[in-house]
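Report on the structure given below.
There are 4 protein chains.
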Amino acid sequence: MQADAKAVHNRLRRIEGQVRGVQRMVDEDAYCVDVLTQIAAVQTALEQVAVHVLDAHVRGCVAGAVSEDGDQAAEKLDELMAAVRRFAKVR
Amino acid sequence: MQADAKAVHNRLRRIEGQVRGVQRMVDEDAYCVDVLTQIAAVQTALEQVAVHVLDAHVRGCVAGAVSEDGDQAAEKLDELMAAVRRFAKVR
Amino acid sequence: MQADAKAVHNRLRRIEGQVRGVQRMVDEDAYCVDVLTQIAAVQTALEQVAVHVLDAHVRGCVAGAVSEDGDQAAEKLDELMAAVRRFAKVR
Amino acid sequence: MQADAKAVHNRLRRIEGQVRGVQRMVDEDAYCVDVLTQIAAVQTALEQVAVHVLDAHVRGCVAGAVSEDGDQAAEKLDELMAAVRRFAKVR
Numbered sequence: 395m396q397a398d399a400k401a402v403h404n405r406l407r408r409i410e411g412q413v414r415g416v417q418r419m420v421d422e423d424a425y426c427v428d429v430l431t432q433i434a435a436v437q438t439a440l441e442q443v444a445v446h447v448l449d450a451h452v453r454g455c456v457a458g459a460v461s462e463d464g465d466q467a468a469e470k471l472d473e474l475m476a477a478v479r480r481f482a483k484v485r
Numbered sequence: 395m396q397a398d399a400k401a402v403h404n405r406l407r408r409i410e411g412q413v414r415g416v417q418r419m420v421d422e423d424a425y426c427v428d429v430l431t432q433i434a435a436v437q438t439a440l441e442q443v444a445v446h447v448l449d450a451h452v453r454g455c456v457a458g459a460v461s462e463d464g465d466q467a468a469e470k471l472d473e474l475m476a477a478v479r480r481f482a483k484v485r
Numbered sequence: 395m396q397a398d399a400k401a402v403h404n405r406l407r408r409i410e411g412q413v414r415g416v417q418r419m420v421d422e423d424a425y426c427v428d429v430l431t432q433i434a435a436v437q438t439a440l441e442q443v444a445v446h447v448l449d450a451h452v453r454g455c456v457a458g459a460v461s462e463d464g465d466q467a468a469e470k471l472d473e474l475m476a477a478v479r480r481f482a483k484v485r
Numbered sequence: 395m396q397a398d399a400k401a402v403h404n405r406l407r408r409i410e411g412q413v414r415g416v417q418r419m420v421d422e423d424a425y426c427v428d429v430l431t432q433i434a435a436v437q438t439a440l441e442q443v444a445v446h447v448l449d450a451h452v453r454g455c456v457a458g459a460v461s462e463d464g465d466q467a468a469e470k471l472d473e474l475m476a477a478v479r480r481f482a483k484v485r
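Protein chains in written order, with the numbering used here: chain A, 395 to 485; chain B, 395 to 485; chain C, 395 to 485; chain D, 395 to 485.
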């Protein structure tokens, strides 16, 4: 992930700003539906970061472990599937 | 929503702090899977705020419009269903 | 819902056929990714039916209860929010 | 996947039966909220099948391609991430 840690950091800063924007909307008593629309935008941005991190993880860590040795590979694949499950909200 | 705007604001502040925490993890080159777990926690917290706001909106605005007049009611119900659709990510 | 029960029924029949199609793919040892794509199509179709039923319910039952009396209204709104929560997979 | 194609097939048959059950509920004019609960159960069952297929795919196909050669590996990882994205409904 190293390579694009800076890009991920910047995206998260933008998300932090979006969350503050929602706070302001709530403080200024904005219309509920507008608040919900804004929260949905933050959720989309967060998902995109998560997929980005997952992508880097799969191509880096997981692929590395799989091509190198058997033991670590199984563990990495378990971890990966647990992350995917959590992500897709499958129990 | 007025009544619990303060509670929503506080939850959003906590979420803002969580997002900053994820930034720190990325800066300190934390393990990808731990970053993903943390992002998932932020997503859960955001969803809970969204449902809370939706709940207040349905019981306040929507129920109010429905019990008072026909015209506004249809509009509010359209808005509500659009929010639910976006929320459940149904196209 | 009565009015469009037939439409919902027909959509569900199509979904039943899609599920049978996925079974056939599995039997014929289709490529996993194609099976996943097909399952995703069924999920989308199911979601659309669910939103359709929810929409009819909100505009019929819920709006009716809200505009008529207070007691039933609260119960209907609780039920509605529980359905939305389940739908959006929010705990 | 071969190994558990039979298990996947059986789960899909059960899902087909569940879909038919929902049709019957609609025909018998069941309460909307009960229909929604039943549709949610079908969705959960479908997701579990999808995760099962994805799991087998990752441990079989993807891990195989990664440990064997570079070219196929990149393609398999692209496919995998596309499936995860679709699954988690991330655009």
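In this text, a Cβ means the ideal position worked out from N, Cα and C, and glycines have one as well. Computed from a predicted structure; not experimentally measured.
Between the alpha carbons of Val427(C) and Lys483(D) lies a gap of roughly 16 Å. The C-beta of Lys400(D) has fewer than 16 other C-beta atoms within 10 Å across all chains shown, which makes the residue exposed.
The contact set of Ala467(C) on chain B, defined by CB atoms closer than 7 Å, consists of Ala457 in chain order. Here Met419(B) has Asp428, Val429, Gln432 as same chain residues with Cβ atoms under 7 Å from its own Cβ, once five neighbours each way along the sequence are excluded. Contact with chain D is found for Asp449(A), since one of that chain's Cβ atoms lies less than 9 Å from the residue's Cβ.
Annotation for Lys400(B): the continuous alpha helix (DSSP H) segment containing it runs 399 to 421.
The Cβ atoms of Val478(D) and Ile409(C) do not sit closer than 9 Å to each other. Taking 9 Å as the cut-off, the Cβ atoms of Ala450(A) and Ala459(A) do not count as close. For Val460(B), the closest Cβ of chain A is not nearer than 9 Å.
If you check the CB distance, Val447(D) and Leu471(D) do not come in under 9 Å. For Leu430(B), the closest Cβ of chain A is nearer than 9 Å.
For the set Val402(D), Leu406(D), Ala434(D), the Cα lying nearest the Cα of Val416(D) is the one of Ala434(D). Annotation: Gln442(B) to Asp423(A) spans about 19 Å, alpha carbon to alpha carbon.
With a threshold of 9 Å between beta carbons, Val420(D) makes no contact with chain A. When rounded, the separation of the alpha-carbon atoms in Leu474(B) and Gln437(B) is 21 Å.
Counting along the chain, Gly458(A) sits inside the alpha helix (DSSP H) bounded by residues 457 to 462.
Under the 10 Å beta carbon count, Arg405(A) is surrounded by 16 or more other beta carbons and is classified as buried.
In the DSSP assignment, Val429(B) falls within the alpha helix (DSSP H) that extends over 426 to 451. If you ignore the 5 residues before and after Ala439(B), its C-beta comes within less than 6 Å of the C-beta of Ile409, all in its own chain and listed in chain order. In the same chain as Val402(A), and ignoring 5 residues on each side of it, the C-beta atoms closer than 7 Å to its own belong to Val443, His446, Val447, in chain order.
Using a Cβ-Cβ cut-off of 8 Å, Val445(B) is close to Met475, Val478, Arg479, Ala482, Val484 of chain C, given in chain order.
Chain order gives the chain D residues near Arg414(C) as Glu410, where near means a beta carbon separation below 7 Å. Counting C-beta atoms within 10 angstroms of its own C-beta, Arg407(C) has fewer than 16 neighbours from the protein chains shown and is therefore classed as exposed.
Looking at the backbone, the Cα of Arg480(C) and that of Glu462(A) are separated by about 42 Å. Cα atoms of Asp398(A) and Gly454(D): separation of roughly 29 Å, rounded to the nearest angstrom. For Asp465(D), there are no CB contacts under 8 Å within the same chain when 5 residues up- and downstream are skipped.
Annotation for Val452(D): Leu474 place their beta carbon closer than 7 Å to its own, counting only its chain and skipping 5 residues before and after. Ala476(D) sits in a helix when the DSSP states are folded into three classes.
With a threshold of 9 Å between beta carbons, Leu471(A) makes no contact with chain B. Annotation: Asp421(D) to Gly411(C) spans about 18 Å, alpha carbon to alpha carbon. Pairing Tyr425(D) with Ala476(D), the inter-Cα distance amounts to about 38 Å. When rounded, the separation of the alpha-carbon atoms in Glu469(D) and Glu469(B) is 47 Å.
Scanning chain C for C-beta atoms nearer than 7 Å to the C-beta of Arg453(B) yields Leu471, reported in chain order.
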